[in-house]
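Using our numbering, the first residue of the sequence shown is number 1, and each one after it goes up by one. The beta carbon of each residue, even a glycine, is placed where N, CA and C say it ideally should be. See structure below.
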Amino acid sequence: ILDSMRGRLVAESNHMMMSGVREYENKFANADRIIIVACGTSWHAGLVAEYLIEDLARIPVEVEYASEFRYRNPIITEKDIVVAISQSGETADTLAALELAKSKGATIFGICNVVGSSIARATDAGAYTHAGPEIGVASTKAFTAQVTVLTLIAMILGTKRGTLETTKLHQLMAELESIPAKVEKALKLDNQIVEISEIFKDATNFLYLGRGYNFPVALEGALKLKEISYIHAEGYPAAEMKHGPIALIDEQMPVVVIATKDSSYDKIVSNVQEVKARKGKVIAIVTEGDTTIPSMADYVIEIPETSEHLMPLLSVIPLQLLSYHIAVMRGCNVDQPRNLAKSVTV
Ligand code: F1P
């Protein structure tokens, strides 16, 4: 994670992307819509991009599971840009989805980690994340790197389309530069997360809730726990809780709520109250200095403040650490989880 967030990566991805996006920026900026295809963690990075691009550049975005999209008969035109995201660059579903879109005339942009991979070669243009090899099967730093590149793309598109004011652009750029130091700070939460992991290592279910930019992070937190510790976990948009998952909440249910200070903060306060009213155990990820959520939650993890646009880069870290420590405590092999392959090529 650190590698992927240090200046080296931001500089490199910035440089790589400039060549890829700059060449295609008019096409990108005039696209009727952007369709993102990916699987697993990369799909979650795509969901963050949906919020970013719609918010900063006002281009409609659809985020599709490549594994389903490839078997549909989707409506794609030559004015569509399809962005394929893949750490390995070898995921067969993502490759098939982009080939389908290509056959219908769309422009294909790739975001891959592995240079010269099959997906990278099948695209018209792209950006390498250069996050270094993922040692384990489950993606972690690839997510951080993908979201960083997608943030830069959203900023370029917003500038090009005139939807992102210069002042806001400069604020975001300054904030992005402060992210590596904030990531280092978030990683220092390790000891505290070990203690929380000890308490919940034998849980059989977990619920993860988030709103806005933290909704994809809730999905990613749940996926990491499933992948490496084999605990059943569900991620939901917090507002969706009342449409079903609320029935699951009792004193046995750990609920991880990503409740950082952003535009939906008041709503997430209500969601925490709803969980506590049903005696769920709340593990809250909050912004440093917050007092409201900590007064209600059972366990509190404080992360540094940042713009809500960049929050996934920080809020995912305690969730990755939580999954890691729980998996180790349960005796699971975190690098080589059962049934998972690094590149899903079938
Ligand atoms: C997609 C993915 C990973 C997941 C696991 C299986 O891979 O679903 O997100 O952690 O490794 O594959 P990729 O297309 O990003 O390489």
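Three-way DSSP call (helix, strand, coil) for residue i in this model
i	result
V83	strand
T159	helix
I249	coil
R121	helix
R22	helix
Y65	strand
E234	strand
A106	coil
G40	helix
P216	helix
K281	strand
V286	strand
I1	Note that I1 scores 35 on pLDDT, short of 50, meaning its location in the model is unreliable and no value can be drawn from it.
V256	strand
I35	strand
I111	strand
K224	helix
K267	helix
V99	The question names Val, but residue 99 is Glu in the sequence shown. Here E99 sits in helix by DSSP.
A131	coil
M296	coil
V149	helix
E54	helix
E274	helix
The beta strand (DSSP E) enclosing residue i, as first and last residue numbers
i	result
G126	125-128
N339	Per DSSP, N339 belongs to no beta strand (DSSP E) and is neither H nor E.
P318	Looking at the DSSP string, P318 is not in any beta strand (DSSP E); the run it does join, the alpha helix (DSSP H), is 311-329.
N205	205-210
Cβ-based burial, residue i [other Cβ within 10 Å; buried from 16]
i	result
E68	exposed
Y71	exposed
M5	In this prediction, M5 scores a pLDDT of 40, lower than 50, which makes its location untrustworthy; the coordinate-derived value is nonetheless stated afterwards. Label assigned to M5: buried.
N73	exposed
Q252	exposed
T151	buried
V316	buried
N191	exposed
H243	exposed
T41	buried
Check: residue i C-beta below 7 Å from any heavy atom of the ligand F1P
i	result
V344	yes
S103	no
G40	yes
V137	yes
A97	no
L310	no
S88	yes
E227	yes
T144	no
T148	no
L340	yes
T123	no
T159	no
T91	yes
T94	yes
Given residue i as reference, the closest of the options once Cα atoms are compared
i	options	result
H232	G210, F206, F215, S307	F206
A145	D190, S229, G46, G158	G46
V346	N271, A49, T94	T94
F215	T260, S178, H325, Q192	T260
L319	G221, E134, E195	G221
E227	R338, N191, A106	R338
L176	P245, K102, T148	T148
E54	I34, K102, H44, V83	I34
C39	V83, N333, L56	V83
First and last residue of the uninterrupted alpha helix (DSSP H) at residue i
i	result
L176	166-187
V300	Per DSSP, V300 belongs to no alpha helix (DSSP H); it is in the beta strand (DSSP E), 299-303.
I199	190-200
Chain D contact for residue i (CB, 8 Å cutoff)
i	result
P337	The question asks about chain D, but that chain is absent: this structure has only one protein chain.
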